[in-house]
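Student: Here you go, one structure.
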Amino acid sequence: MKTLLFVFGTRPEAIKTAPVILKAQKDPRYRVLVCSTGQHREMIRPLFDFFGIKPDFDLDLMRPGQSLIDISTGVMSGLNKILLENKVDAVVVQGDTTSGFIGSLVAFYHKVQVVHIEAGLRSGDILSPFPEEFNRKGTALISNVHLAPTETAKENLLREHYPPESVFVTGNTGIDALFEVKRKISSNSVLENEFSGKYSFLNPHRKMVLVTVHRRESFGTPMEEVMKGLLELSKRSDIELLIPLHMNPQVRASAAKIFGNQAQWVDKGNFLNPENKIWLCEPVDYVPFIYLMDRAHMIITDSGGVQEEAPSLGKPILVAREKTERPEAIVAGTSRLIPLEQRSFVQVATEVLDTPVIYERMSQAKNPFGDGRASERILDIVHARLNADNPDSEITISNRMGYSEQELTV
Ligand code: UD1
Ligand code: UDP
Numbered sequence: 339m340k341t342l343l344f345v346f347g348t349r350p351e352a353i354k355t356a357p358v359i360l361k362a363q364k365d366p367r368y369r370v371l372v373c374s375t376g377q378h379r380e381m382i383r384p385l386f387d388f389f390g391i392k393p394d395f396d397l398d399l400m401r402p403g404q405s406l407i408d409i410s411t412g413v414m415s416g417l418n419k420i421l422l423e424n425k426v427d428a429v430v431v432q433g434d435t436t437s438g439f440i441g442s443l444v445a446f447y448h449k450v451q452v453v454h455i456e457a458g459l460r461s462g463d464i465l466s467p468f469p470e471e472f473n474r475k476g477t478a479l480i481s482n483v484h485l486a487p488t489e490t491a492k493e494n495l496l497r498e499h500y501p502p503e504s505v506f507v508t509g510n511t512g513i514d515a516l517f518e519v520k521r522k523i524s525s526n527s528v529l530e531n532e533f534s535g536k537y538s539f540l541n542p543h544r545k546m547v548l549v550t551v552h553r554r555e556s557f558g559t560p561m562e563e564v565m566k567g568l569l570e571l572s573k574r575s576d577i578e579l580l581i582p583l584h585m586n587p588q589v590r591a592s593a594a595k596i597f598g599n600q601a602q603w604v605d606k607g608n609f610l611n612p613e614n615k616i617w618l619c620e621p622v623d624y625v626p627f628i629y630l631m632d633r634a635h636m637i638i639t640d641s642g643g644v645q646e647e648a649p650s651l652g653k654p655i656l657v658a659r660e661k662t663e664r665p666e667a668i669v670a671g672t673s674r675l676i677p678l679e680q681r682s683f684v685q686v687a688t689e690v691l692d693t694p695v696i697y698e699r700m701s702q703a704k705n706p707f708g709d710g711r712a713s714e715r716i717l718d719i720v721h722a723r724l725n726a727d728n729p730d731s732e733i734t735i736s737n738r739m740g741y742s743e744q745e746l747t748v
């Protein structure tokens with residue numbers, strides 16, 4: 339039996355590791371330990387309740403306005419202590435957050451194998467998304483098992499000369515979680531009624547556009563340009579915007595500055611003016627958020643996870659970023675980049691809203707990111723790799739710096 343220690347700290351990591359943890363807990367091949375770094379607090383707590391996961395360790399890091407250094411040093415010292423006191427066969431990290439990257443680094447310093455879920459995403463720009471592009475490349479350097487969600491992600495890793503026998507295509511575990519939630523909502527009319535009651539302030543005669551923004555590289559002017567574009571869009575009579583606001587103080591300051599009294603908060607117990615066109619709310623729990631995505635006419639986001647989920651719900655998605663490391667949805671025609679400048683932002687959004695042929699094409703429900711079975715593949719692959727006669731930790735280390743043997747010998 340091998341001991342896996344899952345290390346993560348943010349909302350999307352919890353959503354995407356939960357299906358793997360829940361399966362591994364029932365799998366006699368594994369003993370499972372869970373470490374929440376606490377990088378997120380309010381935004382992750384409901385997910386532990388929802389999935390029924392109780393972390394064995396909680397580093398409780400979250401501080402308002404925390405810096406990357408605060409998170410990094412907290413994960414380093416907290417996880418170091420855990421690895422000194424517990425025998426672990428592999429540390430499992432997901433994606434590209436600072437919790438995940440530093441988690442993998444501490445494992446490496448302890449010579450514990452690293453398993454990387456959602457490996458191989460690349461934007462090609464180390465500063466965008468920041469610091470995520472570096473985090474995922476750094477994690478790849480010290481990972482023993484690279485679990486790529488798509489063929490494109492696998493190709494990225496092979497281009498960087500990671501050994502083919504350590505790279506596997508699994509699908510994205512976020513789609514496993516999404517399928518589970520969709521099943522829950524559609525088989526439970528009480529839930530459906532509860533949510534439609536909660537969001538009864540939305541006008542059924544208007545198209546609801548769901549919006550989330552939180553990326554660090556967009557803070558300040560780019561994010562405020564997006565918000566100015568949203569404000570302009572909200573003047574249209576046929577739409578209204580629902581914006582669950584990320585808890586980052588920088589996002590909230592920009593929203594207050596740009597929307598001012600032209601937006602209304604929905605969860606403050608105040609009178610909700612039916613004429614209002616921009617609704618702000620606290621981050622929504624995962625299940626009602628999927629309900630809202632399903633109910634939306636269109637989604638505008640800079641979120642990685644939302645880009646992956648939207649195609650399964652048949653929703654056109656406008657990605658408020660200069661680059662995306664998830665080109666699959668753009669190639670499939672369900673998503674499109676939208677510029678971070680007010681005028682061009684409004685132009686692209688208006689084109690999608692007002693051109694039925696474009697809107698219909700983007701609404702085709704096909705998901706290039708997964709089929710809902712990533713977790714079971716991952717557990718089989720990890721079992722095979724951890725039990726291989728000749729584990730790759732020594733063999734492949736020389737190839738991990740991104741050079742092929744051929745390049746090194748020329
Ligand atoms: C982090 C990840 C990002 C991921 C995102 C998902 C890094 C560097 N960033 O960014 O990759 O896409 O999570 O949402 O790892 N806050 C709260 N309560 C919470 C969570 C956050 O109050 O539950 C506030 C705090 O003021 C906190 C701030 O938001 O300091 C920023 O949180 P942080 O985790 O540093 O950055 P995110 O933007 O959430
Ligand atoms: N999400 C949620 N509530 C919200 C906004 C997003 O539950 O109010 C979910 C969403 O369905 C997706 C994940 O959170 O699964 C994405 O998280 P986020 O956008 O914070 O991070 P990213 O994916 O960009 O790293």
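According to the working numbering, the sequence shown is numbered sequentially starting from 339. Each residue gets a CB set at the ideal place from its N, CA and C atoms; glycine is no exception.
1. Let me know if valine 549 comes out buried or exposed under the rule of 16 or more other beta-carbons within 10 Å of its beta-carbon.
2. May I have the straight-line CA-CA distance separating valine 452 from phenylalanine 539, to the nearest angstrom?
3. Three or more C-beta pairs under 8 Å: does that hold for the stretch 466–474 against the stretch 502–520?
4. Identify, in the order they occur along the chain, each residue of the same chain with its Cβ nearer than 6 Å to the Cβ of proline 665, setting aside the five sequence neighbours on each side.
5. Could you give the residue range of the alpha helix (DSSP H) that holds valine 686?
6. Is glutamate 380 near ligand 1, with its Cβ less than 8 Å from a heavy atom?
7. As a quick exercise: from Ala591, Ile391, Ala670, pick the residue whose alpha carbon is nearest that of leucine 618.
8. Let me confirm a value: glutamate 456 is counted as buried when at least 16 other C-beta atoms fall within 10 Å, else exposed. Which label applies?
9. To the nearest angstrom, how far is it from the Cα of proline 469 to the Cα of glutamate 489?
10. Indicate whether phenylalanine 752 and tyrosine 624 have their beta-carbon atoms separated by less than 9 Å.
11. May I ask you to list the residues that DSSP assigns as paired with histidine 293?
12. Please return the same chain residues whose Cβ sits closer than 8 Å to the Cβ of leucine 397, not counting the five positions on each side in sequence.
13. Give a single yes or no on whether methionine 400 has its beta carbon closer than 8 Å to a heavy atom of ligand 1.
14. In whole angstroms, give me the CA-to-CA distance for valine 565 and proline 582.
15. Does any heavy atom of ligand 2 sit closer than 8 Å to the C-beta of isoleucine 480?
16. With valine 720 as the anchor, note down where its alpha helix (DSSP H) starts and where it stops.
17. Lysine 492 and phenylalanine 506: beta carbons closer than 9 Å?
18. Distance, Cα to Cα, serine 504 vs alanine 712?
19. Checking 9 Å against the spacing of the C-beta atoms, do glycine 642 and glycine 458 come in under that value?
20. For alanine 356, name the three-state secondary structure that DSSP assigns.
21. When the Cα atoms are used, what is the spatial distance from glycine 462 to histidine 584?
22. When we look at the beta-carbon of leucine 343 and count the other beta-carbons within 10 Å, is it buried (16 or more) or exposed?
23. Compute every distance between the C-beta of histidine 454 and the non-hydrogen atoms of ligand 1, then say whether any falls below 8 Å.
24. Indicate the three-state DSSP secondary structure (helix, strand or coil) for valine 483 in the structure shown.
25. Does lysine 340 come out as helix, strand or coil in the three-state DSSP assignment?
26. Assign threonine 435 to one of three DSSP states: helix, strand, or coil.
27. Helix, strand or coil for threonine 747, going by three-state DSSP, please let me know.
28. For ligand 4, is there any heavy atom lying closer than 8 Å to the beta carbon of proline 649?
29. What's the C-alpha gap between glutamate 676 and glycine 652?
30. Verify whether the separation of the beta carbon atoms of glutamine 680 and glutamate 570 is less than 9 Å.
31. Report back the beta-carbon spacing between isoleucine 359 and valine 370 to the nearest angstrom; my notes put them in contact at under 8 Å.
32. With distances taken from CA atoms, which of Arg553, Leu443, Asn599 is nearest serine 758?
33. Kindly list the residues whose CB is nearer than 6 Å to the CB of valine 430, restricted to its own chain and excluding five residues on each side of it in sequence; keep chain order.
34. Buried or exposed for asparagine 526, please, with buried defined as at least 16 other CB atoms from any protein chain shown within 10 angstroms of its CB.
35. What do you reckon, is the C-beta of asparagine 510 under 8 Å from a heavy atom of ligand 1?
36. What is the rounded straight-line gap between the Cα of leucine 746 and the Cα of isoleucine 480?
Tutor: According to the structure data:
1. Counting Cβ neighbours within 10 Å, valine 549 comes out buried, since at least 16 surround it.
2. 47 Å
3. no
4. none
5. 680–692
6. yes
7. When each option's Cα is compared against that of leucine 618, the closest is Ala591.
8. buried
9. Between proline 469 and glutamate 489, the alpha-carbon positions lie close to 24 Å from each other.
10. The question about residue 752 has no answer, for the chain in this structure spans 339 to 748.
11. Outside the displayed range of the chain (339 to 748) lies residue 293, so it cannot be described from this structure.
12. Gly347, Cys373, Ser374, Thr375, Gly376, Gly412, Val413, Gly416, Leu417
13. Yes, ligand 1 has a heavy atom inside 8 Å of this Cβ.
14. Correcting the residue identity first, residue 565 is methionine in this sequence and not valine. So the alpha carbons of these two residues sit roughly 13 Å apart.
15. The nearest non-hydrogen atom of ligand 2 is 8 Å or more from the C-beta of isoleucine 480.
16. 712–724
17. yes
18. 16 Å
19. no
20. helix
21. 26 Å
22. buried
23. no
24. strand
25. strand
26. coil
27. Reliability of the predicted coordinates at threonine 747 is poor, the pLDDT of 26 falling under 50, and the value obtained from them is presented with this limitation in mind. Three-state result, threonine 747: helix.
28. Ligands in the displayed structure: ligand 1 and ligand 2; ligand 4 is not one of them.
29. Per the sequence shown, the amino acid found at residue 676 is isoleucine instead of glutamate. Looking at the two C-alpha atoms, the distance is approximately 18 Å.
30. yes
31. 6 Å
32. Because the chain in this structure spans residues 339 to 748, residue 758 falls outside the shown range and cannot be described.
33. Taken in chain order, the residues that qualify are Leu342, Phe344, Val453.
34. exposed
35. no
36. Note that leucine 746 has pLDDT 29, beneath the 50 cutoff, so the model's placement of it is unreliable and no number is given.
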